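The block underneath contains the structure these notes are about, expressed in structure tokens.
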Amino acid sequence: KPGRILFEIDGVSETIAKEALYKASAKLPIKTKFIKRFV
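Position one of the sequence shown corresponds to residue 24 (the numbering used here), numbered consecutively onward.
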């Protein structure tokens, strides 16, 4: 969708992925949301 940025992370645990995205979101000037896809 226009106006959205999607980051996909693979190969690490969910805990590490959440921590990494939380730290990265502090540096981004936009609101962020963590979404988990079930496969």
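We put the CB at the ideal spot given by N, CA and C, even for glycine.
Small disclaimer: the values here were computed from a predicted structure and weren't measured.
- Rounded to whole angstroms, how far is the Cβ of S48 from the Cβ of T55, which I believe are closer than 8 Å? Confirmed, about 4 Å.
- Once you ignore the five residues that flank A43 on each side, which residues in its own chain have a CB closer than 8 Å to its CB? Here the set comprises I32, V35.
- Query: How big is the Cα-Cα spacing for K50 and I28?
  - Reply: The alpha-carbon atoms of K50 and I28 are separated by roughly 14 Å.
- Task: State the Cα-Cα distance for the pair F57 and P25, rounded to the nearest angstrom.
- Result: Between F57 and P25, the C-alpha separation is close to 18 Å.
- Using the Cα positions of A40 and R60, report the straight-line distance between them to the nearest angstrom. Each residue's alpha carbon lies about 13 Å from the other.
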